[in-house]
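A.B. asks: Pasting in a structure now, in structure tokens, and then I'll have a few things to ask.
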Amino acid sequence: MKSFSRLFVAVTSILCALVGFQPLSAQTADAVVGVNASVGSLSVDQQNAILAQLHAANVHFIRSGITPDEKGVDFARRAKAQGIQIEWLVQLQYRPGAPSRPWPNAFGVWGGPPLSAADPDQFRKYFEPLLAKLEAAGVELAGFELGNEINSAMFNADFSLPAENPKQSREFNLADLSHDPEAQQVAKGYLQYLKLLKVMKDARAQSKLNQHAPIISAGLVFNEAPDALRTARLDSVGAIATLEFMRANGLDALVDAYGVHTYPWTNDPGNPIATKGRHDRLQKYVLAECRPQGAQAGKPCWITEWGIPDRDASCPPHETSQITLVNETRTNFRPYVAARQVLGLFYYAWLDGREGFAIYRCDHLTETGHLALTPF
């Protein structure tokens, strides 16, 4: 029997290699590893240059929006031609005439309507035709992620501006979503958000190429020091409270994974105490809700943004501290990847002109980038 089993495995492996497939166990063993590369606002030539850079760096997955026009569909087609799959950061859609926060503004937050004005009918009119065009173009997606950081005033206009106490903002908890007036308004937006997810799931079910592409809830902002005095001028809802509220209202029937974001502290690289602090905060706050794939309750996570900044603009870049911290962070991620609690990781970002997160610098992929994009 052992000889037969070895023969069967060998023949299966040869057949899989001949037809271009991997055995299922190999397909499911590794997390999706990619990079944030939103380039929809760039010219076609600029997009092509970045796609060529990504291809040369052996990047196979990017997190990006897709504009609802022929240019957006063509961008996805061109990415596919370079061997790149898109984890599609899908835009929310709102009822006609909804109030809109102006942008730019004095608070440095993004403009747009509040999440409570999200409209499932408008979303259907936007999402279904665009998905059909992508399907017609042969585009297979790495996943669908609806919205971004909806538990933060930065992206959600249901929060008051400025915070009620400008000197100390609040992080609302689960009880606040039922009792605090500002948090109750945010909760209304969460309920509308779930309606859009339902539209997305129904549309995916009709898909031919992307019927099994995972649906990921909006990447959430995690406060890794909830007991510290808050000095920001913007309110938020705790990420765990957000997930608990939405789970109680049907989230797990609509998504395949939870989107989470983490930007670890960068103090004292290599110091054992600081290293342990980063490990413990990740475990306690960011990945505490991530469940193994197939668990009876809860969902695994996709880390759709993570990164370590390097604000040194020199060429070649000075990366010693950044490399130490990225290597440490990947070590912290590894057991969650092995347990299938984390299924996707997208570094932030390929390009970044403001905060120093870019890993394509000085006309090449940095050493940090090579490390961050190495499969687990």
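Be aware that the sequence shown starts at 916, since it is given in the working numbering, and climbs by one per residue.
We put the CB at the ideal spot given by N, CA and C, even for glycine.
Give me the Cα-Cα distance between Val1024 and Gly1062, rounded to the nearest whole angstrom.
C.D. replies: Here residue 1024 corresponds to residue number 109 of the sequence shown, with the count starting at 1. Here residue 1062 corresponds to residue number 147 of the sequence shown, with the count starting at 1. Spanning the two alpha carbons is a distance of roughly 15 Å.
A.B. asks: On the three-state DSSP scale, how would you describe Thr1181?
C.D. replies: Against the sequence shown, residue 1181 aligns to sequence position 266. In this structure, Thr1181 counts as coil in the three-state DSSP scheme.
A.B. asks: Taking the beta strand (DSSP E) that Ser1067 belongs to, which residues open and close that run?
C.D. replies: Residue mapping note: residue 1067 aligns to position 152 of the sequence shown, counting from 1. Segment: none, Ser1067 is in no beta strand (DSSP E) and carries neither H nor E.
A.B. asks: So the candidates are Glu1282, Pro1184, Cys1277; which of them puts its Cα closest to the Cα of Leu1240?
C.D. replies: As a position in the sequence shown, residue 1240 is number 325, starting the count at 1. Selected option, being the one with the closest Cα: Pro1184.
A.B. asks: Using CA coordinates, which residue listed in Pro1207, Lys1048, His975 is at the minimum distance from Tyr1251?
C.D. replies: Position 336 of the sequence shown, counting from 1, holds the residue named residue 1251. Comparing Cα-Cα distances from Tyr1251 to each of Pro1207, Lys1048, His975, the minimum goes to Pro1207.
A.B. asks: Name the DSSP beta bridge partners of Ser979, please?
C.D. replies: Against the sequence shown, residue 979 aligns to sequence position 64. In the DSSP output, where bridge partners are listed per residue, Ser979 has Trp1003.
A.B. asks: May I ask you to report which of helix, strand or coil DSSP gives Phe1074?
C.D. replies: Here residue 1074 refers to the residue found at position 159 of the sequence shown. It is coil, neither helix nor strand.
A.B. asks: Taking the C-alpha atoms as reference points, what is the distance between His970 and Gln997?
C.D. replies: To locate residue 970, count along the sequence shown from 1; it is residue 55. To locate residue 997, count along the sequence shown from 1; it is residue 82. The alpha-carbon atoms of His970 and Gln997 are separated by roughly 6 Å.
A.B. asks: How would you write the range of the alpha helix (DSSP H) that Thr1289 sits in, first residue to last?
C.D. replies: The sequence position of residue 1289 within the sequence shown is 374, counting from 1. Premise fails: Thr1289 is in no alpha helix (DSSP H) and is neither H nor E.
A.B. asks: Nearest by alpha-carbon distance to Ala1052: which of Asp1036, Val988, Gly1104 is it?
C.D. replies: Position 137 of the sequence shown, counted from the start, is the residue given in the question as residue 1052. Checked all of Asp1036, Val988, Gly1104; the closest Cα to Ala1052 is Val988.
A.B. asks: Taking C-beta to C-beta, are Thr1190 and Asn1066 nearer than 9 Å?
C.D. replies: Locating residue 1190 in the sequence shown gives position 275, counting from the first residue. Locating residue 1066 in the sequence shown gives position 151, counting from the first residue. No. Outside cutoff.
A.B. asks: Please state if the CB of Leu1046 and the CB of Ser1122 are separated by a distance shorter than 9 Å.
C.D. replies: Start at 1 with the first residue of the sequence shown, and residue 1122 comes out as number 207. Start at 1 with the first residue of the sequence shown, and residue 1046 comes out as number 131. Closer than 9 Å, so yes.
A.B. asks: So, under 8 Å CB-CB, Gly1174 and Ile1131 are touching, yes? Tell me the CB distance rounded to an integer number of Å.
C.D. replies: Walking along the sequence shown from the start, residue 1174 turns up at place 259. Walking along the sequence shown from the start, residue 1131 turns up at place 216. Indeed they touch by this definition, with Cβ atoms about 5 Å apart.
A.B. asks: When you compare only the Cα positions, how much space is there between Ile981 and Ala1147?
C.D. replies: The residue you call residue 981 lines up with position 66 of the sequence shown. The residue you call residue 1147 lines up with position 232 of the sequence shown. Computed Cα separation, rounded: 32 Å.
A.B. asks: Label Arg1085 either buried or exposed according to how many other C-beta atoms from any shown protein chain fall within 10 Å of its C-beta, with 16 as the threshold for buried.
C.D. replies: One-based indexing of the sequence shown puts residue 1085 at position 170. When all chains shown are included, Arg1085 counts as buried.
A.B. asks: Could you spell out the range, first to last residue, of the beta strand (DSSP E) harbouring Gly1026?
C.D. replies: Position 111 of the sequence shown holds residue 1026. Taken as a continuous stretch (DSSP letters only), Gly1026 belongs to no beta strand (DSSP E), as it is neither H nor E.
A.B. asks: Alpha carbons only, please: which of Gln1256, Gln1006, Lys986, Leu1260 is nearest the one belonging to Ala1212?
C.D. replies: Against the sequence shown, residue 1212 aligns to sequence position 297. Minimum Cα distance to Ala1212 is reached at Gln1256.
A.B. asks: Would you give the residue range spanned by the alpha helix (DSSP H) that Phe1160 belongs to?
C.D. replies: Locating residue 1160 in the sequence shown gives position 245, counting from the first residue. Here the alpha helix (DSSP H) through Phe1160 covers 1154-1163.
A.B. asks: From Leu1266, Ala1163, Ala1228, Asn1247, pick the residue whose C-alpha is nearest to that of Asp1195; which is it?
C.D. replies: By 1-based counting over the sequence shown, the position of residue 1195 is 280. Comparing Cα positions, the closest option is Asn1247.
A.B. asks: Beta-carbon separation of Pro1179 and Ile1223 under 9 Å?
C.D. replies: Numbered from 1 along the sequence shown, position 264 holds the residue referred to as residue 1179. Numbered from 1 along the sequence shown, position 308 holds the residue referred to as residue 1223. Taking 9 Å as the Cβ cut-off, Pro1179 and Ile1223 qualify as a contacting pair.
A.B. asks: Distance check for Lys1199 and Lys1116, CA to CA, integer angstroms please.
C.D. replies: Within the sequence shown, the letter at position 201 stands for residue 1116. Within the sequence shown, the letter at position 284 stands for residue 1199. Cα to Cα, Lys1116 sits roughly 30 Å from Lys1199.
A.B. asks: Nearest to His1233 by CA position, among Leu1112, Asp1073, Ala967, Ile1274, is which residue?
C.D. replies: Start at 1 with the first residue of the sequence shown, and residue 1233 comes out as number 318. His1233 has its Cα closest to that of Ile1274, out of Leu1112, Asp1073, Ala967, Ile1274.
A.B. asks: Just how far apart, CA to CA, sit Gly1134 and Glu1220?
C.D. replies: Counting from one through the sequence shown, the residue named residue 1134 turns up at place 219. Counting from one through the sequence shown, the residue named residue 1220 turns up at place 305. Distance between the alpha carbons of Gly1134 and Glu1220: 8 Å.
A.B. asks: Per DSSP, Val950 forms a beta bridge with which residues?
C.D. replies: Here residue 950 refers to the residue found at position 35 when the sequence shown is read from its first residue. Beta-bridge pairing links Val950 to Ile977, Tyr1262.
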